[in-house]
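Going left to right, the sequence shown walks through residues 36 to 764 as the working numbering numbers them.
Idealized CB from N, CA, C, for every residue including glycine.
No experiment lies behind these values; they were computed from the predicted model shown.
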Amino acid sequence: MTDWLQSYGEMAERIRRHPWEGTPLGPPSQWPDVLKTTVALSLASHFPQAIVWGPDLITLYNDAFLPILGNKPEALGRRFDEVWREVWSDIEPIARAAFEGQATYIENFPLVIERGGGPEQAYFTFCYSPIRDQFGKVVGMLDTVTETTSTVFMTQRLAVLDAIGTAVANATDPQSIMATTTRILAAHLNLSNCAYADMDEDEDGFTIRGDWARAGSPHILGHYRLADFGRLAVAKLRAGKPLVINDNLKELAPEEAATFQAIGIAATICVPLIKGGRLTALMAIHDKTPRVWSSNDLALLVEVTERSWAHIERARADAAVREGLAALAELNATLEERVEERTARLKQTEAALRQSQKLEAIGQLTGGVAHDFNNLLTIIRSSVDFLRMPNLSQERRQRYMTAVSETVERASKLTSQLLAFARRQPLKPQVIDVGKQVQSLGDMLQTVTGARIQVSVELCDRPCYIRADLSQFETALINMALNARDAMNGQGTLWLRVSCGGGMPPIRGHAGAGQSFAAIALADTGTGIAPQVLEHIFEPFFTTKEVGKGTGLGLSQVFGFAKQSGGNVDVCTVVGEGTVFTLYLPEVAPETHHEPVRDEPTHVVLEKGKRRVLIVEDNLEVGRFANQILQDLGYETAWATNAEEALEMVGPDAMAFDAIFSDVVMPGISGIALARELRQRRPDLPVVLTSGYSEELAHSGHEGFEFLAKPYSADQVSRVLNRTILGAE
């Protein structure tokens, strides 16, 4: 009777029909109760289990155990050591221990098994438990098992991918990335060779540029034709599918296999990289002997290939950025006396690239700077050539000198706009009444926009304050207003609205902010901005105006000022109806007091003998120029070419001079660090800092010291020294 086998699934039915009479177990009706009970419990379980019974090791198992057997020959009723003959030497000691009464538990046990598809690596977590009869005697073994192959392979795959990612994180060129990748992958899979190749334009020729070869295996660098490796390789790889060959002598025509054999390859997996619909690259793993590749081998190679080319594209993009930055550095060398300083400040362009996410910004910025500065240099050079003429009239001499002076001012303004766009302009923040400034701008615009443009100002119902650089704030408002005026072609309405207390919305992918912001909106009834133009309006030197009617730096200055001041600028437009620019800046509390403003005499008055000024300037030409200016102004001067020399000259108490006139950017100790040290030695010593551009100034300001921006005039030097020295007395 086999009633105890009812309703237990496929294996219960197979056990009922199996000819047990011809086995040592005999018919199921005569089986010992402990065997019946164990079989019944196992058949009812959803966990893979096998029962190994008696000295003949007869095998029984449940439905859940079937996937573990795979396509092995029928195992029911056979000896357990025959079913698992290929791994019996590995598991026999464990099974013997169970029959001796010792239970075992092993996790992720590696076995190379055969279950219909050739040898394959597999992993199992299992427990061999003794089965005892009513007298306590061991009569069998219960094998409770789960296959962990996929989990182990996934863990190994992640470890390999992590190792490759870590190893190539700082790599800067494709060759080093792929050399590292092939080495790590080959070591993990125990390969004879691992290689990568670039395809030719015809998608047939390819060049293996790098490979890793195990000792005793040949390197395969060189140029090859895909067609020589057979029709299967051509069809698979051009279709974007992996080529998998376990034994080329058996799977390919002799002439095709010969191509592989000539370079020491018997088994291979080759993965294609398709970009833009064409075959662009290959990555392959090889073995010099036949090898049955697993699905895990293929999956790992596919993922490594995808990640490797992602790393390569990242490295190539970084290299392109570096080349672009080098081009800008070369241009800066023609515009600045301080090549090292300007080269170090190329982060300005990196910031522009991050904002626009386009490498084209480098070329645009380079061309714009060169164009505008070459125009200015043309005026200066021509004027200087005329000034050298011996018979030049006084009136013409004065005209050319004025042209040089005005051109220098325009160049200085252009530099300031560039720095504002890059958010590296040294700012002088102060608390500003927004409504007052906007009302003043509205009054001014009403007089300059013409009678056909109506200017309307709407202010907040309460005072609204921001902390920003007043000059840059006014410049930003004027830039937006002038763009609005030009968009209306001389006729329309310009609204200036101020609202306070609201948050800043997300703008062009940048997160918004919930704190209190002042919003200054300028709306016009102009032509609007076309979509293809809108995405470029904040880029430097981008303009839709005619040549000579705009630098393309106005809106980039607005954007740079807004970001450097903790805010942003938004734009909404409808073609044919108009545009609204909204400048968001953080609100602050009003100041409770103001410093008195002192009238400045134009020139220094030296009533009590000459005052001694120490000039600290490492640039010889600028130092000689500053020295001459100060002497012409009536000062007694000394000159140090670096901060260390200056500290020796001023002495421990810094009483040797009446004032210090120092550059900021110098080798060694900077001008700001020098000023701090002098403040420690003599708190009342007047210090004037000067620079064309300093990242330290842009980030931290001039810390209360007087600052004069380069290029400066003799009159500016006179005023700043007069103010500084008189203020210290």
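TODO: Count the other CB atoms, across all protein chains shown, that sit within 10 Å of the CB of Lys643; report buried if there are 16 or more and exposed otherwise.
DONE: Unreliable positioning characterises Lys643 in this predicted model, as indicated by a pLDDT of 38, which lies under 50. A coordinate reading is not provided.
Task: Member of Met539, Gln599 and Arg543 whose CA lies at the smallest distance from the CA of Ala553 - done: Met539
- [ ] Please name the residue in Pro154, Phe144 and Ile148 whose C-alpha comes closest to that of Tyr163.
- [x] Phe144
- [ ] Have a look at Trp674 and Arg758 and give me their C-alpha separation to the nearest angstrom.
- [x] 21 Å
Task: Limits of the unbroken beta strand (DSSP E) element including Arg244 - done: Gly240 to Ala248
Open item on the list: Could you compute how far the alpha carbon of Ser491 sits from the alpha carbon of Asn603?
Closed with: 23 Å
Task: Those runs of the alpha helix (DSSP H) which lie wholly inside the stretch 518-557 and span at least 4 residues - done: Within the stretch 518-557, no complete alpha helix (DSSP H) run reaches 4 residues.
Open item on the list: Only counting the same chain, and skipping five residues up and downstream in sequence, which positions put a Cβ closer than 8 Å to that of His53?
Closed with: Leu111 and Gly112
TODO: Work out the CA separation of Leu104 and Tyr96 for me, nearest whole Å.
DONE: Whole-angstrom Cα-Cα distance: 10 Å.
- [ ] Could you please give the first and the last residue of the uninterrupted beta strand (DSSP E) stretch that includes Lys310?
- [x] Ala302 to Lys310
Open item on the list: With distance defined between alpha-carbon atoms, name the residue in Ala85, Pro90 and Ala316 nearest to Leu60.
Closed with: Pro90
Open item on the list: Under DSSP, the alpha helix (DSSP H) around Ala293 begins and ends at which residues?
Closed with: Pro289 to Ala297
Open item on the list: So for Ser697, helix, strand or coil by DSSP?
Closed with: Strand.
- [ ] Using only alpha-carbon positions, find the residue among Ile298, Gly151 and Asn281 that is nearest to Ile243.
- [x] Ile298
Open item on the list: DSSP three-state label for Ala147, please.
Closed with: It is worth fixing the name first, because residue 147 is Val in this sequence and not Ala. Strand at Val147.
Open item on the list: Once the 5 residues before and after Asn283 are set aside, which same chain residues still bring their CB inside 8 Å of it?
Closed with: Cβ within range, chain order: Glu291, Ala292, Phe295, Gln296, Ile300, Ala301, Ala302 and Thr303.
- [ ] Give me whichever residues DSSP pairs with Met234 in a beta bridge.
- [x] Phe241
Task: Proximity test, Cβ basis, 9 Å: Asp197 and chain B - done: Of the protein chains in the structure, only one exists, and it is not chain B.
TODO: To the nearest angstrom, report how far apart Tyr231 and Val593 are at their CA atoms.
DONE: 49 Å
Task: Ile488 - DSSP class collapsed to helix/strand/coil - done: strand
Task: Local Cβ density within 10 Å of Ala516, reported as buried at 16 or more and exposed below that - done: buried
TODO: Pick out whichever of Ile219, Thr94 and Val722 has its Cα sitting closest to the Cα of Ile650.
DONE: Residue Val722 is the option with its Cα nearest to Ile650.
Open item on the list: Just to confirm, is the Cβ distance from Thr532 to Ile555 under 9 Å?
Closed with: In the sequence as presented, Thr is not what sits at residue 532; that position holds Arg. Cβ atoms of Arg532 and Ile555: closer than 9 Å.
TODO: Kindly give me the distance between the Cβ atoms of Leu665 and Phe696, rounded to whole angstroms, as I take these residues to be in contact under 8 Å.
DONE: Contact between Leu665 and Phe696 is confirmed by a C-beta separation of about 7 Å, below the 8 Å threshold.
Open item on the list: So Ala694 and Val623 are supposed to be a Cβ contact under 8 Å. How far apart are they, rounded?
Closed with: In fact, because the Cβ distance is near 34 Å, the residues do not count as touching under 8 Å.
Task: Asn283: first and last residue of the uninterrupted alpha helix (DSSP H) it sits in - done: Asn283 to Glu286
Task: First through last residue of the alpha helix (DSSP H) which encompasses Thr186 - done: Thr184 to Val203
Task: Cβ-Cβ distance between Ile199 and Val306 below 9 Å - done: no
- [ ] Jot down the residue ranges of each uninterrupted alpha helix (DSSP H) in the stretch 97-143, minimum 4 residues, whole runs only, in chain order.
- [x] 101-104, 115-118 and 123-134
- [ ] On a CA-only basis, which of Thr160, Asn514 and Glu135 is nearest Met176? Give me that one, please.
- [x] If we check each option's Cα against that of Met176, Glu135 comes out closest.
TODO: In angstroms with no decimal places, state the Cα-to-Cα distance between Ser705 and Tyr619.
DONE: C-alpha separation (whole angstroms): 35 Å.
Task: Per DSSP, the bridge partner or partners of Thr614 - done: Asp559 and Thr608
TODO: Indicate whether the contact test is met: 3 or more Cβ pairs, each with one atom in the stretch 745-760 and one in the stretch 708-725, closer than 8 Å.
DONE: Pairwise C-beta distances place the stretch 745-760 in contact with the stretch 708-725, as three or more of them are shorter than 8 Å.
TODO: Alpha carbon to alpha carbon, how far is Asp98 from Arg49? Give it in angstroms, no decimals.
DONE: 10 Å
- [ ] Leaving aside the five residues before and after Lys12 along the sequence, list all residues of the same chain whose C-beta is less than 7 Å from its C-beta, in chain order.
- [x] No answer is possible for residue 12: it lies beyond the span of the chain, which begins at 36 and ends at 764.
- [ ] State the DSSP-derived secondary structure class of Gly257, mapped to helix, strand or coil.
- [x] strand
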